[in-house]
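Participant: Dropping the structure in here first, questions after.
Numbering (UniProt numbering), first residue to last: 1 to 608.
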């Protein structure tokens with residue numbers, strides 16, 4: 001990670017802010033695009049452009065004399081290494097660090113005009129912030145252009161418009177017409193006449209289409225409007241092929257991506273006159289709500305994201321199968337890396353990630369990465385979302401802990417697996433820390449819980465063993481994963497954020513299990529599997545609620561040389577032994593006889 005000097009970019013932005021045309025005392029730059037995506041296309045990477053910080057989460061505020069960036073605990077170390085001296089790092093969640101909203105209200109003079117781009121700001125956030133600013137005489141000012149785009153100028157990349165891929169029910173389990181019909185029934189129950197779908201992964205899921213407009217995310221630039229009478233899908237012309245038109249059929253009208261907001265404005269008078277409402281997701285941008293007329297919309301969590309989170313049997317089987325192939329690729333990679341290091345070869349972190357890519361390319365139905373591989377040796381492992389790049393990538397040191405967090409897109413599913421390895425002799429401290437993380441991982445995997453339980457309530461299980469040693473980690477314990485879709489998927493999750501208490505875990509949901517521990521300047525440890533939420537047969541059924549548990553679908557052995565057996569209970573030892581037997585039984589058929597990978601699996605997947 002190296003510092004990116006963005007002083008000239010910030011200066012250009014401030015000149016625009018001061019101009020009579022805009023006249024704002026501050027400009028807010030979130031990470032998201034107009035679809036509130038976590039990962040965005042290069043043309044929408046405004047926060048990274050203006051700040052130099054490339055992590056996936058964060059928000060920047062530029063005033064006439066201060067440039068500040070807020071990010072969470074996953075990125076404290078990375079941001080400190082990438083931000084120039086003209087930036088102030090605000091570590092979200094730490095004591096005495098104000099939220100970015102509090103900063104705007106309390107640190108700017110009363111009467112300040114705060115500029116935002118309504119395309120990348122949610123209506124919910126704007127309403128709350130506008131109220132708070134009004135209390136001190138300041139105002140929120142939606143601008144008709146993004147000032148960072150103006151500062152970026154001709155160098156700003158163009159919007160991607162790649163060809164689309166159509167999926168059949170063989171991999172999706174349901175037709176797009178069936179999904180649309182389900183959505184219409186939901187809208188009817190809610191008493192609304194239509195719904196604007198703006199999240200890219202929701203649209204990809206709803207219409208059984210995939211794209212490649214966003215790196216590692218099989219989505220495409222689009223919007224959709226669904227009413228009882230019609231379905232409009234707004235696409236870029238270059239993305240539409242005859243196959244796409246045939247797939248969608250006459251039920252779906254294909255419109256131009258650029259025309260959505262004009263069409264919404266045309267709908268607004270009729271909605272107002274009839275006193276009918278449109279539904280929009282709570283993560284929908286402000287500009288969309290303004291175009292429809294804020295009095296004409298109801299904001300709530302998207303019904304599509306709820307439906308998408310519950311995988312059907314076809315999707316779940318696809319997830320199981322693609323993980324077997326993915327685990328074979330990972331095992332081939334780890335065995336190759338161990339062999340290279342044993343021979344004294346110099347392998348840097350990027351070389352390692354590239355070799356993993358080659359092993360994946362040998363697997364059936366491989367499409368691409370689901371996120372950039374986190375291949376990190378020693379101290380770099382403490383950078384939670386580290387991305388190695390040449391020429392700054394470190395040589396993988398066999399005397400240090402190696403952390404690899406990797407995921408892929410397959411036609412039948414999306415993967416995400418982290419393993420922490422040591423190729424020689426770990427220290428007693430490293431073994432103790434690894435074992436505490438492993439105990440948390442096992443506790444989540446073994447959890448049985450009643451219907452209505454959220455990931456917020458389960459999170460403590462992952463941290464209990466770490467807490468007993470006074471250790472912890474600053475990221476969530478689990479997130480949903482798409483079915484050949486985004487690797488991070490809501491609305492559920494597992495972690496300490498109170499939002500994870502909103503949505504109970506339910507059968508068919510996917511959830512990662514990834515506790516960790518990180519020592520700055522020393523090492524990082526994380527152990528991650530993907531699990532499916534399944535019904536659990538329990539001895540009793542108190543309250544007739546039904547009880548659930550997890551089925552893990554990731555099968556890569558744990559690092560036995562990093563385990564301090566004396567810390568484990570017999571139940572935990574049994575779990576490891578049973579898990580290793582599963583790894584052998586399930587993945588061995590996907591490895592070539594006599595190969596390094598098979599030999600490594602047979603050696604590593606042993607009983608304690």
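All C-beta atoms in this analysis are idealised placements derived from N, C-alpha and C, irrespective of residue type, glycine included.
Could you check where the alpha helix (DSSP H) with residue 603 kicks off and where it finishes?
Facilitator: Translated into positions along the chain shown, residue 603 becomes position 603. Run containing residue 603: 596 to 604, per the alpha helix (DSSP H) assignment.
Participant: With a Cβ-Cβ cutoff of 8 angstroms, do residue 115 and residue 143 count as a contact?
Facilitator: Within the chain shown, the letter at position 115 stands for residue 115. Within the chain shown, the letter at position 143 stands for residue 143. The answer is yes: Cβ separation under 8 angstroms.
Participant: As an exercise, report each continuous alpha helix (DSSP H) stretch of at least 4 residues that is fully enclosed by the UniProt domain "Creatinase N-terminal" (9 to 133), in chain order.
Facilitator: 46 to 51, 76 to 82, 100 to 107, all fully within the UniProt domain "Creatinase N-terminal" (9 to 133).
Participant: Would you say residue 562 and residue 434 are within 8 angstroms of each other, going by their C-beta atoms?
Facilitator: Taking the chain shown and counting its residues from 1, the one referred to as residue 562 is at position 562. Taking the chain shown and counting its residues from 1, the one referred to as residue 434 is at position 434. Yes, Cβ-Cβ distance for residue 562 and residue 434 is below 8 angstroms.
Participant: Is the CB-CB distance between residue 515 and residue 527 below 8 angstroms?
Facilitator: Working through the chain shown from its first residue, we reach residue 515 at position 515. Working through the chain shown from its first residue, we reach residue 527 at position 527. Cβ atoms of residue 515 and residue 527: closer than 8 angstroms.
Participant: Are residue 72 and residue 57 touching if we call contact CB-CB under 8 angstroms?
Facilitator: Taking the first residue of the chain shown as 1, we reach residue 72 at position 72. Taking the first residue of the chain shown as 1, we reach residue 57 at position 57. Against a cut-off of 8 angstroms, the Cβ pair of residue 57 and residue 72 comes out as a contact.
Participant: In this structure, how does DSSP classify residue 417 when only helix, strand and coil are distinguished?
Facilitator: As a working mapping, residue 417 is identified with position 417 in the chain shown. Residue state, collapsed to three classes: strand.
Participant: Of all the alpha helix (DSSP H) runs that stay within the bounds of the stretch 167 to 202, which reach a length of 4 or more residues?
Facilitator: Entirely contained in the stretch 167 to 202, the alpha helix (DSSP H) runs reaching 4 residues are, in chain order, 169 to 172, 176 to 190.
Participant: Buried or exposed, going by whether 16 or more other CB atoms sit within 10 Å of the CB of residue 15?
Facilitator: Here residue 15 refers to the residue found at position 15 when the chain shown is read from its first residue. When all chains shown are included, residue 15 counts as exposed.
Participant: Provide the residue span of the beta strand (DSSP E) that contains residue 409, from first to last.
Facilitator: What you label residue 409 is simply residue 409 of the chain shown in a count that begins at 1. Run containing residue 409: 408 to 410, per the beta strand (DSSP E) assignment.
Participant: Evaluate residue 94 with the Cβ neighbour count: other Cβ atoms within 10 Å of its Cβ, from every protein chain shown; 16 or more gives buried, anything less gives exposed.
Facilitator: To locate residue 94, count along the chain shown from 1; it is residue 94. The residue is exposed, with fewer than 16 neighbouring Cβ atoms inside 10 Å.
Participant: Within 10 angstroms of the Cβ of residue 157, are there 16 or more other Cβ atoms? Answer buried if so, exposed if not.
Facilitator: As a first step, residue 157 is located in the chain shown; it is residue number 157 there, counting from the start. With fewer than 16 Cβ atoms within 10 Å of its Cβ, residue 157 is classed as exposed.
Participant: Which residues bound the alpha helix (DSSP H) around residue 378?
Facilitator: Taking the chain shown and counting its residues from 1, the one referred to as residue 378 is at position 378. Neither: residue 378 is in no alpha helix (DSSP H) and is coded neither H nor E.
Participant: Leaving out the 5 sequence neighbours to the left and right, which residues in its chain are closer than 7 angstroms to residue 236 when beta-carbon positions are compared?
Facilitator: Residue mapping note: residue 236 aligns to position 236 of the chain shown, counting from 1. Cβ within range, chain order: 161, 221, 257.
Participant: Residue 470 and residue 493: beta carbons closer than 8 angstroms?
Facilitator: Along the chain shown, one-based indexing puts residue 470 at 470. Along the chain shown, one-based indexing puts residue 493 at 493. No, they are not a contact pair.
Participant: What do you get for residue 194, buried or exposed, if any count of 16 or more other CB atoms within 10 angstroms of its CB means buried?
Facilitator: As a first step, residue 194 must be located in the chain shown, where it is residue number 194. Answer is buried; the Cβ neighbour count reaches 16.
Participant: In terms of residue numbering, what span does the beta strand (DSSP E) encompassing residue 316 cover?
Facilitator: Residue 316 sits at position 316 when you count from the first residue of the chain shown. Residue 316 -> not in any beta strand (DSSP E); alpha helix (DSSP H) instead, spanning 313 to 342.
Participant: Alpha carbons only, please: which of 497, 145, 386 is nearest the one belonging to residue 21?
Facilitator: Numbered from 1 along the chain shown, position 21 holds the residue referred to as residue 21. Looking at the Cα atoms, 145 is the closest of the given residues.
Participant: State yes or no: is the C-beta of residue 382 within less than 8 angstroms of the C-beta of residue 524?
Facilitator: Along the chain shown, one-based indexing puts residue 382 at 382. Along the chain shown, one-based indexing puts residue 524 at 524. The answer is yes: Cβ separation under 8 angstroms.
Participant: So which of 490, 518, 506 has the shortest CA-CA distance to residue 312?
Facilitator: To locate residue 312, count along the chain shown from 1; it is residue 312. Among 490, 518, 506, the Cα nearest to that of residue 312 belongs to 506.
Participant: Please specify which runs of the beta strand (DSSP E), each continuous and at least 3 residues long, are wholly inside the UniProt domain "Peptidase M24 C-terminal" (546 to 605), giving them in chain order.
Facilitator: Entirely contained in the UniProt domain "Peptidase M24 C-terminal" (546 to 605), the beta strand (DSSP E) runs reaching 3 residues are, in chain order, 547 to 552.
Participant: Can you give the Cα-Cα distance for residue 598 and residue 591, rounded to whole angstroms?
Facilitator: Stepping through the chain shown from its first residue, residue 598 is reached at position 598. Stepping through the chain shown from its first residue, residue 591 is reached at position 591. When rounded, the distance between both Cα atoms is 6 angstroms.
Participant: Around the C-beta of residue 467, are 16 or more other C-beta atoms found within 10 angstroms, so that it is buried, or is it exposed?
Facilitator: On the chain shown, residue 467 is found 467 positions in, with the first residue counted as 1. Exposed, since its Cβ has fewer than 16 Cβ neighbours within 10 Å.
Participant: Hey, would you say residue 148 sits closer than 8 angstroms to residue 50, going by beta carbons?
Facilitator: Residue numbering aside, residue 148 sits at position 148 when the chain shown is read from its first letter. Residue numbering aside, residue 50 sits at position 50 when the chain shown is read from its first letter. Yes.
Participant: With a 10 Å radius around its C-beta and 16 neighbouring C-beta atoms as the bar for buried, classify residue 129 as buried or exposed.
Facilitator: For the purposes of this step, residue 129 is identified with residue 129 of the chain shown, where counting begins at 1. Residue 129 comes out buried.
Participant: Looking only at its chain, what residues have a beta carbon closer than 6 angstroms to the beta carbon of residue 27, apart from the 5 residues adjacent to it on each side?
Facilitator: Within the chain shown, residue 27 is the residue found at index 27, counting from 1. Cβ within range, chain order: 17, 62, 115, 147.
Participant: Rounding to the nearest angstrom, what Cα-Cα distance links residue 278 and residue 188 in this structure?
Facilitator: As a working mapping, residue 278 is identified with position 278 in the chain shown. As a working mapping, residue 188 is identified with position 188 in the chain shown. Approximately 11 angstroms, taken between the alpha carbons.
Participant: What do you reckon, are the CB atoms on residue 10 and residue 82 nearer than 8 angstroms?
Facilitator: In the chain shown, residue 10 corresponds to position 10, counting from 1. In the chain shown, residue 82 corresponds to position 82, counting from 1. Cβ atoms of residue 10 and residue 82: not closer than 8 angstroms.
Participant: Just to confirm the assignment: which complete beta strand (DSSP E) runs, minimum length 3, are found wholly within the stretch 204 to 244?
Facilitator: Counting whole runs of 3 or more residues, the stretch 204 to 244 contains the beta strand (DSSP E) stretches 222 to 227, 231 to 235.
Participant: Within 10 angstroms of its Cβ, does residue 392 collect 16 or more other Cβ (buried), or is it exposed?
Facilitator: To locate residue 392, count along the chain shown from 1; it is residue 392. Under this definition residue 392 is an exposed residue.
Participant: Between residue 264 and residue 288, which are expected to be in contact by the criterion C-beta below 8 angstroms, what is the C-beta distance as a whole number of angstroms?
Facilitator: If you number the chain shown from 1, residue 264 lands on position 264. If you number the chain shown from 1, residue 288 lands on position 288. Rounded, the Cβ-Cβ distance is 7 angstroms, consistent with contact.
Participant: In three-state terms, what does DSSP make of residue 248?
Facilitator: On the chain shown, position 248 is the one that residue 248 refers to. Helix at residue 248.
Participant: Do the CB positions of residue 244 and residue 209 come within less than 8 angstroms of each other?
Facilitator: Translated into the one-based positions of the chain shown, residue 244 becomes position 244. Translated into the one-based positions of the chain shown, residue 209 becomes position 209. Taking 8 angstroms as the Cβ cut-off, residue 244 and residue 209 qualify as a contacting pair.
Participant: Do residue 329 and residue 356 have their CB atoms nearer than 8 angstroms?
Facilitator: Locating residue 329 in the chain shown gives position 329, where the first residue counts as 1. Locating residue 356 in the chain shown gives position 356, where the first residue counts as 1. In this structure, residue 356 lies closer than 8 angstroms to residue 329 by Cβ.
Participant: Distance check for residue 80 and residue 400, CA to CA, integer angstroms please.
Facilitator: Mapped onto the chain shown, residue 400 falls at position 400. Mapped onto the chain shown, residue 80 falls at position 80. Approximately 23 angstroms between the Cα atoms of the pair.
Participant: Do the stretch 448 to 465 and the stretch 31 to 46 touch if we need at least three Cβ pairs shorter than 8 angstroms?
Facilitator: Contact fails: fewer than three Cβ-Cβ distances are below 8 angstroms.
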